Amino acid sequence: MIAGRSLFFNDLTEQLPLVVDGIKETCKLALIVSITGFLWGIIIFFLSLSHRPVVKAITRLYMDFFIGTPLILILFVIYYGLPQSGIHLSSFTVAVTGFTLNVGAYNAAYMTTAYNALNKYETEAAVVQGLNKRQVFLWIILPQVLLSSIPALTNQVINNLKDSTIVFLIQYTEFFARIQEVAATSFKFFHAYLFAAIV
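Numbering-wise (UniProt numbering), the sequence shown opens with residue 1 and increments by one.
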């Protein structure tokens, strides 16, 4: 058992630069999709406030679909499905696209929940003062919604970091992919996955 651990950590030490690169890739992906998902969530949330029933229905359907669909399925559809139509994307682009669609839906839902708890008299007063819909959204609604959504949005960023490990399934080389390489070299899969869980 001790020898097994030694073998694993010897291999880990030898491949430490690759493991560190994997951690960097995981953090980079999590940061990027947190930003793109946040911005996309704001757009979806803005559209959900439309007075047009069709637009509201589409945004509602969008949120329900992407929240209810497993992230890995979204990634698989983009990664394996688009090439069937002649569209070829890199693993990184697929990861960012899939995550953004999914995370944006969650963030829009958080903002919608926060909006429903707002005092609507402020927005009505802003309209009376002559502000248009876009100004009301940017200056009145959005700041309050974001402030109320901080806990949920922060938790989503943490989830992005944890969920980013699944992108090794679409051939994107990140932390978990590097750990698997170490495990395959040392044949100590338990030690490798335990190390990954601790990290």
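The C-beta atom is built at its ideal place from N, Cα and C for all residues, glycine as well.
Just so you know, these numbers come straight off a predicted model, no measurement behind them.
Query, Result
"Compare the beta carbon distance of Leu169 and Phe66 with 9 Å and say whether it is the shorter of the two.", "no"
"What separation, rounded to the nearest whole angstrom, lies between the Cα atoms of Thr123 and Ile140?", "7 Å"
"Thinking C-beta only, is Ile72 closer than 9 Å to Ile166?", "yes"
"Less than 8 Å between the CB atoms is what I'm expecting for Ala105 and Met63, so what's the real figure, rounded?", "5 Å"
"Can you look up Asn116 in the DSSP assignment and give me helix, strand or coil?", "helix"
"Using 10 angstroms around the beta-carbon of Ala125, count the other beta-carbons present and answer buried if the total reaches 16, otherwise exposed.", "exposed"
"Beta-carbon separation of Val145 and Phe45 under 9 Å?", "yes"
"Do Ala108 and residue 236 come within 9 Å of each other at the CB atom, strictly closer than that value?", "Residue 236 lies beyond the stretch modelled for the chain, which goes from 1 to 199, so this question has no answer here."
"Go ahead and label Ala114 buried or exposed: buried means 16 or more other beta carbons lie within 10 angstroms of its beta carbon, across all protein chains shown.", "buried"
"Rounded to whole angstroms, what's the CA-CA distance from His51 to Gly22? Just pull it up for me.", "46 Å"
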